[in-house]
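Novice: Starting off with a structure, shown below.
Residue numbers (UniProt numbering), protein chains in the order written: chain A, 1 to 184; chain B, 1 to 211.
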């Protein structure tokens, strides 16, 4: 609730998570192409996280790990976390993982996230201050939203510093000063 | 923090850092007679020709622009001292060398306004640039050594350097904190989550909340 108006938070909760229904549900249209408007017990459906979360609280469904945390991704992260294209998997990889973590049975996801972030941080993000924008643009499309924010923060402070160093107008004229008095 | 251009990412613009750096005292040699100036920060003067006096940098720059004084370059801004510092900075695994907190800004203002008062101006300027680049690299390496949420200690980092890495370091530490926290209370959460379903089974089925 604290981040109610945070657009990123809203988008994270829009990510789909596979769920299994424990109870038959009547009168809902989860799949528009289904013949009947009810979901049977044991049905596997993909729901947006906000819905899956509410249903999970009411013990109606159990949440499975989404595809972006599957075994293949894990192996890739173990092999070389810095080169994995996480954005195409899930642009909110870390935040989504953090939100899922208390709801799924898999306990390893927290460690996966923190090791992935540590390695990627060390390999990629700390190079921002001295790397040129050209080399950075090579790995930029791989970064998740959170990592991109970090990168942008560093890049922005670096560009303003460069601008300051190379000079430019030292004194800015207030816009009101340039105006001539209106002739009345 | 008050006065930041962009409080969202908690960054002072370099101009703002420069503005704060202008409060540092420098020594000037006036060439005019003037009564002492009484400011909130203190009294400066009186100004007598050829008698050196300490004034804030901004005042010194203003006087210099009017041709009323010459600068005495600070002790650390000499070729010998800077060469020493640069060599010490280049030592692998070395700490940051002690320099004035706002050395970047002071150097910049002096190079802009007091070219004629600094001996070996071009040498000094390129030394300062080199020192700044080496220190920036070192700072970056230090950032890379973050290993989760632990106290980070970096001595002798100057105002401009701190301001450069502030938004990045803050966000990075926040991210580390977020990822470290769940690991710490895994045990606690295990007990809680195993308890949850049992309680739920005992109680009668809860009706969906009315909206």
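Positions of the beta carbon are idealized from the N, C-alpha and C atoms, including for glycine. Here the structure is a predicted model, which is why all the values come from computation and not from measurement.
Where DSSP assigns a beta bridge to residue 17/A, which residues make up the other side?
Specialist: The residue you call residue 17/A lines up with position 17 of the first chain. In DSSP, residue 17/A forms a bridge with 47/A.
Novice: Quick check on the DSSP output: the beta strand (DSSP E) that includes residue 62/A runs from which residue to which?
Specialist: Reading the first chain from its first residue, position 62 is the one you call residue 62/A. From DSSP, the beta strand (DSSP E) with residue 62/A extends over 61–63.
Novice: Please classify residue 112/A as buried or exposed, where buried requires at least 16 other C-beta atoms within 10 Å of its C-beta.
Specialist: The residue labelled residue 112/A in the question sits at position 112 within the first chain. Buried, because 16 or more other Cβ atoms sit within 10 Å of the Cβ of residue 112/A.
Novice: Could you give the first and the last residue of the continuous beta strand (DSSP E) run that contains residue 35/B?
Specialist: Residue mapping note: residue 35/B aligns to position 35 of the second chain, counting from 1. Neither: residue 35/B is in no beta strand (DSSP E) and is coded neither H nor E.
Novice: Let's see if you can read the secondary structure: which residues bound the alpha helix (DSSP H) around residue 104/A?
Specialist: Walking along the first chain from the start, residue 104/A turns up at place 104. Residue 104/A -> no alpha helix (DSSP H), and no H or E assigned at all.
Novice: Could you compute how far the alpha carbon of residue 183/B sits from the alpha carbon of residue 176/B?
Specialist: Residue numbering aside, residue 183/B sits at position 183 when the second chain is read from its first letter. Residue numbering aside, residue 176/B sits at position 176 when the second chain is read from its first letter. For residue 183/B, the predicted structure reports a pLDDT of 49, less than 50, and the residue's modelled location is therefore unreliable. A value from the coordinates is still provided. Straight-line Cα distance between these residues: approximately 11 Å.
Novice: Is there contact between the region 152–165 of chain A and the region 10–19 of chain B, where contact requires at least three CB pairs shorter than 8 Å?
Specialist: yes
Novice: Is residue 1/A buried or exposed, if buried means 16 or more other CB atoms sit within 10 Å of its CB?
Specialist: Locating residue 1/A in the first chain gives position 1, where the first residue counts as 1. Confidence in residue 1/A is poor, its pLDDT being 48 and thus under 50, which makes the residue's placement too unreliable to answer from.
Novice: If distances are taken between C-alpha atoms only, which option among 85/B, 122/B, 111/B comes closest to residue 156/B?
Specialist: Reading the second chain from its first residue, position 156 is the one you call residue 156/B. Nearest option by C-alpha distance: 85/B.
Novice: If the cut is a Cβ gap below 7 Å, which residues of chain A does residue 14/B touch?
Specialist: Position 14 of the second chain, counted from the first residue, corresponds to residue 14/B. By Cβ distance, chain A contributes 160, 161, 164.
Novice: Would you call residue 188/B buried or exposed, if buried means 16 or more other Cβ atoms sit within 10 Å of its Cβ?
Specialist: In the second chain, residue 188/B corresponds to position 188, counting from 1. Interpretation of residue 188/B is limited by its pLDDT of 43, a score under 50 that renders its predicted location unreliable; the figure taken from the coordinates is listed afterwards. So residue 188/B ends up on the exposed side.
Novice: Using beta carbons (cut-off 8 Å, strictly below), is residue 136/B in contact with chain A?
Specialist: The sequence position of residue 136/B within the second chain is 136, counting from 1. Closer than 8 Å: yes.
Novice: Measure from the C-beta of residue 164/B to each C-beta in chain A and report whether the shortest distance is under 8 Å.
Specialist: Sequence index remark: in the second chain, residue 164/B carries index 164 (1-based). So yes, residue 164/B belongs to the interface.
Novice: Check whether chain A comes within 8 Å of residue 168/B, counting only Cβ atoms and requiring the distance to be less than that.
Specialist: Counted from its first residue, the second chain places residue 168/B at position 168. True, the Cβ-Cβ gap to chain A drops below 8 Å.
Novice: If the cut is a Cβ gap below 8 Å, which residues of chain A does residue 171/B touch?
Specialist: The residue you call residue 171/B lines up with position 171 of the second chain. Those are 149, 150, 153, listed as they occur along chain A.
Novice: What residue from 174/B, 79/B, 53/B has the CA that sits closest to residue 130/B's CA?
Specialist: In the second chain, residue 130/B corresponds to position 130, counting from 1. Cα-wise, what sits closest to residue 130/B is 79/B.
Novice: Across which residues does DSSP place residue 69/B in a beta bridge pair?
Specialist: Residue numbering aside, residue 69/B sits at position 69 when the second chain is read from its first letter. DSSP output for residue 69/B lists 30/B as bridge partner(s).
Novice: With a threshold of 8 Å, are at least 3 pairs of Cβ atoms found where one atom belongs to the region 106–120 of chain A and the other to the region 22–42 of chain A?
Specialist: no
Novice: Taking only beta-carbon atoms, is residue 113/A less than 8 Å away from chain B?
Specialist: Counted from its first residue, the first chain places residue 113/A at position 113. Answer yes: the Cβ-Cβ gap between residue 113/A and chain B drops below 8 Å somewhere.
Novice: Just checking: is the beta-carbon of residue 144/A within a distance shorter than 8 Å of some beta-carbon in chain B?
Specialist: As a working note, residue 144/A is residue 144 in the first chain. No, its Cβ sits nowhere closer than 8 Å to a Cβ of chain B.
Novice: My assumption, with CB atoms under 8 Å, is that residue 100/B sits in contact with residue 76/B. Please give the rounded CB distance.
Specialist: Residue 100/B sits at position 100 when you count from the first residue of the second chain. Residue 76/B sits at position 76 when you count from the first residue of the second chain. Between residue 76/B and residue 100/B the Cβ distance is about 6 Å, and since that is below 8 Å, they are a contact.
Novice: Taking the alpha-carbon positions, what's the residue 89/A to residue 105/A distance?
Specialist: Position 89 of the first chain holds residue 89/A. Position 105 of the first chain holds residue 105/A. The straight-line gap from Cα to Cα measures roughly 21 Å.
Novice: On a CA-only basis, which of 170/B, 179/B, 136/B, 36/B is nearest residue 97/B? Give me that one, please.
Specialist: What you label residue 97/B is simply residue 97 of the second chain in a count that begins at 1. Ranking 170/B, 179/B, 136/B, 36/B by Cα distance to residue 97/B puts 136/B first.
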